[in-house]
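Taking our numbering, the leading residue of the sequence shown gets 90, the next gets one more, and so forth.
The beta carbon of each residue, even a glycine, is placed where N, CA and C say it ideally should be.
Only a predicted model underlies this, so the values are computations on that prediction, with no experimental measurement involved.
Here is the structure we will look at, set down as structure tokens.
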Amino acid sequence: MDTKMNNIILVPTDFSEVCNNAMNQAVDAAKFLNYKIVLLHVIDKNTKSQLKKENEGSDSIDNKLSAIASEIIKSNNIEVDTLAKEGDIFTTISEVANDIGANLMYLGTHGKVGMQKLTGSFALKVVTSSPVPVVVVQKRPFREGYKKIVLPITSDAGPWEKTKWASFIAQNFKAEIHVYYLNLPEIKTSVDIITRHFDENNVVYKTVVAESSGFSKSVVDYATANVADMIMIMTNPDKSFTKFLLGSYDEEMIFNPSQIPVMCINPRKYNWEKIFKI
Numbered sequence: 090m091d092t093k094m095n096n097i098i099l100v101p102t103d104f105s106e107v108c109n110n111a112m113n114q115a116v117d118a119a120k121f122l123n124y125k126i127v128l129l130h131v132i133d134k135n136t137k138s139q140l141k142k143e144n145e146g147s148d149s150i151d152n153k154l155s156a157i158a159s160e161i162i163k164s165n166n167i168e169v170d171t172l173a174k175e176g177d178i179f180t181t182i183s184e185v186a187n188d189i190g191a192n193l194m195y196l197g198t199h200g201k202v203g204m205q206k207l208t209g210s211f212a213l214k215v216v217t218s219s220p221v222p223v224v225v226v227q228k229r230p231f232r233e234g235y236k237k238i239v240l241p242i243t244s245d246a247g248p249w250e251k252t253k254w255a256s257f258i259a260q261n262f263k264a265e266i267h268v269y270y271l272n273l274p275e276i277k278t279s280v281d282i283i284t285r286h287f288d289e290n291n292v293v294y295k296t297v298v299a300e301s302s303g304f305s306k307s308v309v310d311y312a313t314a315n316v317a318d319m320i321m322i323m324t325n326p327d328k329s330f331t332k333f334l335l336g337s338y339d340e341e342m343i344f345n346p347s348q349i350p351v352m353c354i355n356p357r358k359y360n361w362e363k364i365f366k367i
């Protein structure tokens, strides 16, 4: 599948604090990558209810987005577009990502605060329907890029997409990758493939054998102790390759108590050389 990418980071927002935090992190990433930001608000039933309470029209959403975009442009000197589109967050966000040719998405997730309640299973539905990697952001601010990235390896299945993205992020942010894996023969084979690719592309990395039990907790504990800026995981495709699944250990990492951003990668049939040029 040839997929056109336009060097765009998509940031869905409901104008809550955590979505603003996701936006700030996306802006920092855009400056490192020389990407454009697209701010998206999906006008769903929650938005309409809120507008009705405030006696406002849908043009107020456009005005909010434009004001935020103007401030970003003024403060950061990057390109920003805005889009308000009627629909449903579970389908419209992924449709927009595909339509605009986004490379990445930054998604703020929170409790029952904000217009659209992007929390728990709601956020996971957005993640698993996305055609591009999603960086899930909580309330804790992270600025100035990514210097340490934890790459958990849990199986020998399909490591290639995650390896490519890890290389891409590491090279652009000058980050160190910590390959964290279970000490099993089949997984060690995957680790050897991954690290060989890192060696060939001059990616700085270290390998760490995980504790034998409680893998997701040990990943988060390791990332926290080593002051990691990101954890990178990959979802599992179903047999039809039309949707993606997250295990309980993935969810524990995504909603980790240290609030470290987590990049979630859905495996896709991309021409990786065209996307990454590495």
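Close-in-space but distant-in-sequence residues of the same chain around residue i (CB under 6 Å, 5 per side omitted)
i      : result
Ile354 : Pro222, Glu250, Lys251, Trp254 and Met323
Lys295 : His267
Beta-carbon proximity of residue i to residue j, cut-off 7 Å
i      : j      : result
Leu154 : Leu128 : yes
Ala312 : Tyr195 : no
Ile320 : Val351 : yes
Ala317 : Ile266 : no
Val107 : Gly197 : yes
Val280 : Ile242 : yes
Lys125 : Ile97  : yes
Asp188 : Ala173 : no
Gly190 : Asn95  : yes
Tyr269 : Val308 : yes
Arg232 : Asp310 : no
Close Cβ partners of residue i (< 7 Å) along its chain, the five nearest in sequence each way excluded
i      : result
His286 : Thr252 and Ser256
Asp133 : Gly176, Asp177, Ile178 and Gln205
Ala87  : Residue 87 cannot be examined here, being either before or after the span of the chain that is shown, 90 to 367.
Lys237 : Ala264, Glu265, His267, Asn315, Val316, Ala317 and Asp318
Asn109 : none
For residue i, the residue or residues it bridges with in DSSP
i      : result
Glu175 : Ile132
Thr296 : Val268
Val239 : His267 and Ile320
Cys353 : Val223 and Ile322
Asp196 : For the sequence presented, residue 196 should be read as Leu rather than Asp. Its beta-bridge partners are Val225.
Asp170 : Val127
Val215 : Paired residues: none, contrary to the question.
Ile343 : None, per the DSSP bridge assignment.
Pro101 : Leu129
C-alpha distance - residue i paired with residue j, whole-angstrom precision
i      : j      : result
Ile156 : Val226 : The displayed chain sequence assigns Ala, not Ile, to residue 156. The alpha-carbon atoms of Ala156 and Val226 are separated by roughly 22 Å.
Asn290 : Asp148 : 48 Å
Pro230 : Thr171 : 23 Å
Asn58  : Ala264 : In the structure displayed, the chain extends from 90 to 367; residue 58 sits before or after that span and is not available.
Val169 : Ile161 : 8 Å
Ala314 : Leu240 : 15 Å
Phe104 : Met112 : 10 Å
Ser183 : Thr217 : 9 Å
Thr136 : Lys142 : 10 Å
Gly200 : Asn166 : In this predicted model, Gly200 has a pLDDT of only 43, less than 50, meaning its place in the structure is not dependable enough to derive any value.
Val202 : Asn144 : A caution first: Val202 carries a pLDDT of 41, below 50, which makes its placement in the model too unreliable to give a value.
Asp288 : Thr278 : 15 Å
Thr180 : Val215 : 8 Å
Spatial neighbours of residue i in its chain, beta-carbon cut-off 8 Å, leaving aside the 5 residues before and after
i      : result
Ser329 : With a pLDDT of 41 at Ser329, under the threshold of 50, the modelled position of this residue cannot be trusted, and the question is left open.
Ile258 : Tyr235, Ile238, Ala264, Met319, Met321 and Met352
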